[in-house]
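> Chains as they are written, first to last, in this note's numbering: chain A, 1 to 154; chain B, 155 to 542. The C-beta atom is built at its ideal place from N, Cα and C for all residues, glycine as well. Questions regarding the structure given below will be posed in turn.
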Amino acid sequence: MEAKEYKTIKTEIRLPYELAYGATWTRFFEGLKNKTIFGTKCTKCGRILVPARSFCPRCFVDTDEWVEVSQVGTLIAWCYTNYKYFGMPTEPPFIGSLIRLNGTDVNFLHLMGGFDLNNFDEVKKIIKSGMKVEAVWSDDRKGHIMDIKYFRPL
Amino acid sequence: MGRPVAIIGVGQTKHGRRMDVSYPDLVREAVVAVFNETGLTPNDIDGVVSGTMPSMMEGIALTHFYFADAMQAAGKPIMKTETCGSTGVSIAHTAYYWVASGMADLVLAVGHEKMNEGNSQATMTTVAEPFYQRYFISGAPGVFSMQSQMWMDRYNIPEEKIRDAAAFISVTHHDDAFDNPYAHIKMKVTMDEVKNARIITYPVRLLDVCPNSDGACAVIFASKDMVKKLGRKPAWVKGVGYRGEEYFFGDSDKVVWESAIQAAKQAYDQAGIKDPRKELDVAEVYNPFTFQEMLFYECFGFCEPGESPDMVLKGTFTRKGELPCDPSGGTLCTNPIGATGLIRVAEAALQVMGKAGDHQVPKAKLALSHAMGGVDQFNGIMILGSKL
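In structure tokens:
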């Protein structure tokens, strides 16, 4: 199928963007800077949503009741990533994880860490779905999702 | 459901690494194939629908304009439908709605992708916003790996059993692809090779994952009057279903996966299907990952929740089984994303028209086709039958 006699052209697109966070994301990220994780509570369905939302995606009402949520939770699912692609914002190997923070009603997406990730067989001995985990904070916090370095097993 | 609608012909390119053609020429290859197959000409077509994954895949925006000539769309209404991985089924739905509404009698639907010209996982990662989810998603395999684990945990399915069943799916689909003249990956694999392949995103290993393919697919949808006039044996659209769910991956349950369950239910209700495993003769389930294919079997009611690995290992879904799934080799062996869902529809149509060649399921009369898109966010179904 591959016909090496035909030419190709190498091209590239680079576009700068500046995306607006709005009030809710701004306050959520400010919270991370201060080592706090904020959710918002829907007054209609009663769910505590994290990260904080400006509205409940199910009830479509404003969610302006702010709740500082627990930094401890349960590991729901994890994925050991061992490949790389262009523009990947996190350096592999890493463990993308769904975490149910105590008292909240949705799964929070972040990383598991705090142990050697280079040998998968060792990783598999440590990490188990259902285990209790806790947020570990970066010393250099910028008001960014990576202000939480990762969650560590408790 | 509006007016009756049928598929009267399909055309596919040879899928694979197609650096031998430019992207518009690849699209034209599928369009010419469907015109040759049906004996129709561009003048007969009332409107054109096309679609891709995000345009960043090939770095050219609004590809329906770029391909206007290749699809012979000049002088006609043209629409683009884009729903990530489920694009192909959405293109089929758009064409279906157009004819069912009575506003057109013949609509050309074209899906296309040239994944080898760009970086597929980098493109897919842009589906996640850049300040929260993008850091953790790790392309398509990462999402599906987490989903597979949740499924395993929910029903306490032993990991070894799931691993065996996923390997079995990989082996049988790779075998099936040899009988599909358009399939991309034609490779004999063994259970041991699948189970020991390199980890991509645990538990997903290299041979559990679809390839990056270049390819296009073109399908012509027709009204009942037009089917009668042309005198062709069609594949009738018996039911369509499509559902989405919340944007954030952690907001909804991906095991009792409502978008997949409800999309199938909508299509079954329209088609009058009560027991899909018994009533369907064949299914083209969107299966970019072996593990996820089993979850779809459960969401579509082919078996009970948590039961699919046992059924897979019994051979229920092989070509000689009770409900053959992906006799074409499926997405696992061929994945030009914007075309992939439409290829599922086209393969289902070929089966009920009796034109699937070496991978024909004998006497297939009712077939399901499916595709999934986004960060596990959307599912679409189209059911086709040999009788109206």
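Within 8 Å of any Cβ in chain B, is that where the Cβ of A/VAL69 sits?
With 8 Å as the cut-off, A/VAL69 does not count as an interface residue toward chain B.
> Under a CB-based cut-off of 8 Å, is A/LEU109 close to chain B?
With 8 Å as the cut-off, A/LEU109 counts as an interface residue toward chain B.
> Starting from the C-beta of A/ALA23, find all residues in its chain whose C-beta is less than 8 Å away, skip the five residues before and the five after it, and write them out in chain order.
Only SER54 meet the Cβ criterion.
> Can you look up B/TRP390 in the DSSP assignment and give me helix, strand or coil?
B/TRP390: strand per DSSP, three-state reduction.
> Between the region 169-182 of chain B and the region 384-404 of chain B, can you find at least three pairs of beta-carbon atoms closer than 8 Å?
With a cut-off of 8 Å, the region 169-182 of chain B and the region 384-404 of chain B do not count as touching, because too few Cβ pairs lie within range.
> Could you spell out the range, first to last residue, of the alpha helix (DSSP H) harbouring B/SER462?
Segment 462-468, the alpha helix (DSSP H) holding B/SER462.
> Considering A/GLY31, what are the terminal residues of the alpha helix (DSSP H) in which it resides?
Taken as a continuous stretch (DSSP letters only), the alpha helix (DSSP H) holding A/GLY31 covers 22-33.
> So, for A/LYS44: in the same chain, excluding its five sequence neighbours on each side, which residues have a beta-carbon less than 7 Å away from its beta-carbon?
If we look at A/LYS44 and ignore the five residues flanking it on each side, its Cβ neighbours are CYS56, CYS59, VAL61.
> Figure out for me which residue from A/TRP25, A/PHE120, A/THR36 has the closest Cα to the Cα of A/GLU134.
Nearest option by C-alpha distance: A/THR36.
> Just the C-alpha distance for B/GLY163 and B/ALA372, rounded to the nearest angstrom, thanks.
So the alpha carbons of these two residues sit roughly 8 Å apart.
> Relative to chain A, which residues along the region 284-310 of chain B have a C-beta separation below 9 Å, given in chain order?
Answer in chain order: PRO284, PHE285, TYR286, GLN287, ARG288, TYR289, PHE290, ILE291, SER292, GLY293, PRO295, GLY296, VAL297, PHE298, SER299, MET300, GLN301, SER302, GLN303, MET304, MET306, ASP307.
> If we ignore side chains and look at the alpha-carbon of each, how far apart do B/PRO459 and B/VAL381 end up?
Cα-Cα distance, rounded: 40 Å.
> Considering only C-alpha positions, which residue in the set B/ILE491, B/ASN441, B/ASP435, B/ALA510 is nearest to B/GLU476?
The shortest Cα separation from B/GLU476 among B/ILE491, B/ASN441, B/ASP435, B/ALA510 belongs to B/ASP435.
> Residues in the same chain with beta-carbon distance under 6 Å from A/SER70, minus the five sequence neighbours each way, listed in chain order, please.
LEU101, ASN102, GLY103, listed in sequence order.
> B/TYR356 versus chain A: which residues are under 8 Å apart at the beta carbon?
Simply CYS79, TYR80, ASN82, PHE120, LYS124.
> Interface residues of chain B around A/THR90 at Cβ under 8 Å?
Near A/THR90 (Cβ distances below 8 Å), the residues of chain B are TYR289, PHE290, SER292.
> How far does the alpha helix (DSSP H) with B/HIS327 in it extend, from its first residue to its last?
That run of the alpha helix (DSSP H) goes 313-331.
> Do B/HIS524 and B/VAL281 have their C-beta atoms within less than 8 Å of each other?
It is not a contact, given that the beta carbons lie outside the stated cut-off.
> Contact check, B/ALA222 vs B/ILE232 under 8 Å by CB: the rounded distance?
Indeed, because the Cβ distance is near 7 Å, the residues count as touching under 8 Å.
> Can you tell me which of A/ILE95, A/GLU12, A/LYS149 puts its alpha carbon nearest to the alpha carbon of A/ASN119?
The residue with the shortest Cα to Cα distance from A/ASN119 is A/ILE95.
> Nearest chain B C-beta to A/ILE76 closer than 8 Å, yes or no?
True, the Cβ-Cβ gap to chain B drops below 8 Å.
> Listing by chain order, which chain A residues have their CB less than 9 Å from the CB of B/GLY213?
Result: THR11, GLU12, ILE13.
> I want to verify the contact list: residues of chain B whose CB lies under 9 Å from the CB of A/TYR150, in sequence order.
Per Cβ cutoff of 9 Å: no residues; A/TYR150 is ~10 Å from chain B at best.
> Go ahead and label B/ARG308 buried or exposed: buried means 16 or more other beta carbons lie within 10 angstroms of its beta carbon, across all protein chains shown.
The residue is exposed, with fewer than 16 neighbouring Cβ atoms inside 10 Å.
> Using a Cβ-Cβ distance under 8 Å, would A/VAL72 count as near chain B?
For A/VAL72, the answer is no, since every Cβ of chain B falls outside 8 Å of its Cβ.
> Under the rule that 16 or more other beta-carbon atoms within 10 Å means buried, what is B/ALA500, buried or exposed?
Buried, by the Cβ-count rule.
> Compile a chain-ordered list of the residues in the region 382-411 of chain B whose CB is closer than 8 Å to at least one CB of chain A.
So the list reads GLU400, TYR401, PHE402, PHE403, GLY404, ASP405, given in the order they occur along the chain.
> Can you give me the Cβ contacts of B/ALA351 inside the same chain, cut-off strictly under 6 Å, excluding the 5 residues immediately before and after it?
Result list for B/ALA351: ARG359, LEU360, LEU361, in chain order.
> Using a Cβ-Cβ distance cut-off of 8 Å, determine whether B/ILE353 contacts chain A.
Closer than 8 Å to some Cβ of chain A, the Cβ of B/ILE353 qualifies, so yes.
> For A/THR26, count the other beta carbons within 10 Å of its own beta carbon; 16 or more makes it buried, fewer makes it exposed. Which is it?
Label assigned to A/THR26: exposed.
> Looking at chain A, is there any beta carbon in it that lies within less than 8 Å of the beta carbon of B/ALA276?
Answer yes: the Cβ-Cβ gap between B/ALA276 and chain A drops below 8 Å somewhere.
> Near B/TRP390, which residues of its chain fall below 6 Å by C-beta distance, leaving aside the five closest residues on each side in sequence?
For B/TRP390, where only same-chain residues beyond five positions count, the Cβ hits under 6 Å are ALA160, GLY539, LEU542.
> Check whether the Cβ of B/THR279 lies closer than 8 Å to any Cβ atom in chain A.
Yes - at least one Cβ of chain A is within 8 Å of the one on B/THR279.
> Using a Cβ-Cβ cut-off of 8 Å, state whether A/ILE48 counts as contacting chain B.
Not an interface residue.
> Between B/GLY272 and the rest of its own chain, which residues show a CB-CB distance below 8 Å, the 5 nearest in sequence each way excluded?
Here the set comprises MET210, MET211, GLU212, GLY213.
> If you draw a straight line from the alpha carbon of B/PHE375 to that of B/ASN197, how long is it in whole angstroms?
Computed Cα separation, rounded: 15 Å.
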